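Peer 1: Just so you know, we're using our numbering here: the sequence shown kicks off at 688 and counts up by one. Glycine is no exception: its CB is placed at the ideal position from the N, C-alpha and C atoms. Bear in mind the structure is a predicted one, so any value in this text is a computation, not a measurement. First, the structure itself, so that you have it in front of you.
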Amino acid sequence: MPRARVLSGVQPTGALHLGNWLGAIRNWVELQDSHDTFFCVVDLHAITVPHNPAQLADDTRSTAALYLACGIDPTKATVFVQSQVPAHSELCWLLNCVTPLNWLERMIQFKEKAVKQGDQVSVGLLDYPVLMAADILLYDADLVPVGEDQKQHLELARDIAQQRINARFAPKDAEGEPIPVLKVPEPLILKEGARVMSLTDGRSKMSKSDPNEGSRINLLDPPELITKKVKRAKTDPVMGLEFGNPERPETDNLLGLYALLSGKGRDAAASECADMGWGTFKPLLAETLVEALRPIQERYNDFNADPGELDRVLKDGRERANAVAQATLNRTRAALGFLP
Ligand code: TYM
688 MPRARVLSGV
698 QPTGALHLGN
708 WLGAIRNWVE
718 LQDSHDTFFC
728 VVDLHAITVP
738 HNPAQLADDT
748 RSTAALYLAC
758 GIDPTKATVF
768 VQSQVPAHSE
778 LCWLLNCVTP
788 LNWLERMIQF
798 KEKAVKQGDQ
808 VSVGLLDYPV
818 LMAADILLYD
828 ADLVPVGEDQ
838 KQHLELARDI
848 AQQRINARFA
858 PKDAEGEPIP
868 VLKVPEPLIL
878 KEGARVMSLT
888 DGRSKMSKSD
898 PNEGSRINLL
908 DPPELITKKV
918 KRAKTDPVMG
928 LEFGNPERPE
938 TDNLLGLYAL
948 LSGKGRDAAA
958 SECADMGWGT
968 FKPLLAETLV
978 EALRPIQERY
988 NDFNADPGEL
998 DRVLKDGRER
1008 ANAVAQATLN
1018 RTRAALGFLP
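Here it is as structure tokens:
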């Protein structure tokens, strides 16, 4: 039996933060032993909002280096850069031509990002989820490990594959049964870490685009900065920490981070911190964060010291990804009736 396929990616926009790690990359690491895994740096997605060309290549390399630093092993997983595999753009075009405009207009992330950009919204921003569908469908992915915020985009990818391609264009076998053109993927969203919230507002998610740096912990933040951000994190005047109180979203989030990163789990963390004041808890959380990120930061520095190694990983990844992606693209082109 071939192993089930996994594909996921992160945008190289600025620094990766705790949400990207806990919601996505941490889960990828666990899957690489049991699954056939493909992890890409989605640089074409990064230009759907205004970007700095002087920064894009560096951010792309740095994101790939962080994948490796977080524990992605290039001898097990295929690590590559989206724009270096041309099939992503080409399948995106084919999918664009069968995707109804109103499916894209109702995407929550599009609406949120569009509000911030006023009349500068690009066609690319609207099309973002179709490119994401192409990323996933090109690799016949069975599973897509992502944070909670990507659920709607995954549903769209499933609908495009099922309703717009397979239902309309599947060729028939000798018995007249349709042979699906594209595999319909499943999201993999873990309960813990799937929605890490902002340090300055427990009701909005931790995000790269929040102008307030203090709202997030970046994976490469030095220890002093982590301690400072935790110290300034929003809290409430109530004594003791607890889960599940809707009036205390910040407490829920910070305790959740401690439970996950200390490895103690929710029950043990909740009883340990039930009577703690913030003056005791915050240094404990800061220390836990620093220790959890230390090995990632050390490995990242090792990869940065040897850029040739990263180049080799990405070249090898590009070749492996290209072979798989091109086969799916050819199959889709044929189903849509293009001249070979
Ligand atoms: P991006 O770069 O915005 O996010 C990358 C991953 O991090 C997760 N994430 C979070 N998880 C928990 N809490 C948070 N606060 C948080 N913020 C972000 C996201 O859910 C995501 O898993 N559109 C994708 C990139 C993409 C992609 C793909 C993913 C492009 N093509 C194909 C999977 C498969 C995105 O959200 O990137």
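Is it right to say residue 1027 is buried, meaning 16 or more other beta carbons lie within 10 angstroms of its own, or is it exposed?
Peer 2: Residue numbering aside, residue 1027 sits at position 340 when the sequence shown is read from its first letter. Exposed is the call here.
Peer 1: What three-state label does DSSP hand residue 928 in the structure shown?
Peer 2: The count along the sequence shown starts at 1 and reaches residue 928 at position 241. In this structure, residue 928 counts as coil in the three-state DSSP scheme.
Peer 1: Determine, using beta-carbon pairs with one atom in the region 972-991 and one in the region 946-955, whether at least three such pairs fall under 8 Å.
Peer 2: Yes: at least three Cβ pairs fall under 8 Å.
Peer 1: Could you check what DSSP says for residue 936 in three-state terms: helix, strand or coil?
Peer 2: Looking up residue 936 in the sequence shown gives position 249. Reduced to three states, the DSSP call for residue 936 is helix.
Peer 1: Starting from residue 694 and walking both ways along the beta strand (DSSP E), at which residues does that stretch end?
Peer 2: Within the sequence shown, the letter at position 7 stands for residue 694. Looking at the DSSP string, the run of the beta strand (DSSP E) that includes residue 694 is 692-697.
Peer 1: Between the region 852-866 and the region 908-915, do at least 3 Cβ pairs fall closer than 8 Å?
Peer 2: no
Peer 1: Determine the direct distance from the alpha carbon of residue 992 to that of residue 742, and round the result to whole angstroms.
Peer 2: Taking the sequence shown and counting its residues from 1, one reaches residue 742 at position 55. Taking the sequence shown and counting its residues from 1, one reaches residue 992 at position 305. Straight-line Cα distance between these residues: approximately 19 Å.
Peer 1: Can residue 706 and residue 889 be called in contact, C-beta distance under 8 Å?
Peer 2: Along the sequence shown, read from residue 1 onward, the residue named residue 706 stands at position 19. Along the sequence shown, read from residue 1 onward, the residue named residue 889 stands at position 202. No, Cβ-Cβ distance for residue 706 and residue 889 is not below 8 Å.
Peer 1: Name the residue from 875, 821, 738, 722 whose alpha carbon lies nearest to the alpha carbon of residue 1015.
Peer 2: Position 328 of the sequence shown, counted from the start, is the residue given in the question as residue 1015. Minimum Cα distance to residue 1015 is reached at 821.
Peer 1: Answer yes or no: do residue 939 and residue 761 have a C-beta to C-beta separation smaller than 8 Å?
Peer 2: Taking the first residue of the sequence shown as position 1, residue 939 is located at position 252. Taking the first residue of the sequence shown as position 1, residue 761 is located at position 74. No, the Cβ-Cβ distance between residue 939 and residue 761 is not below 8 Å.
Peer 1: Just confirm the distance between the C-beta atoms of residue 771 and residue 731, as a whole number of angstroms; I'd bet it's less than 8 Å.
Peer 2: Residue 771 sits at position 84 when you count from the first residue of the sequence shown. Residue 731 sits at position 44 when you count from the first residue of the sequence shown. The pair is not a contact, with the Cβ atoms about 10 Å apart (cut-off 8 Å).
Peer 1: Residue range of the alpha helix (DSSP H) that residue 835 falls in?
Peer 2: For the purposes of this step, residue 835 is taken as the residue at position 148 of the sequence shown. The continuous stretches of alpha helix (DSSP H) do not include residue 835, and DSSP gives it neither H nor E.
Peer 1: Return helix, strand or coil for residue 831, following the three-state DSSP convention.
Peer 2: Taking the sequence shown and counting its residues from 1, one reaches residue 831 at position 144. Residue 831 falls in the strand class under three-state DSSP.
Peer 1: Does the ligand TYM have even one heavy atom less than 7 Å from the beta-carbon of residue 749?
Peer 2: Numbered from 1 along the sequence shown, position 62 holds the residue referred to as residue 749. Checking the Cβ of residue 749 against the ligand TYM gives no.
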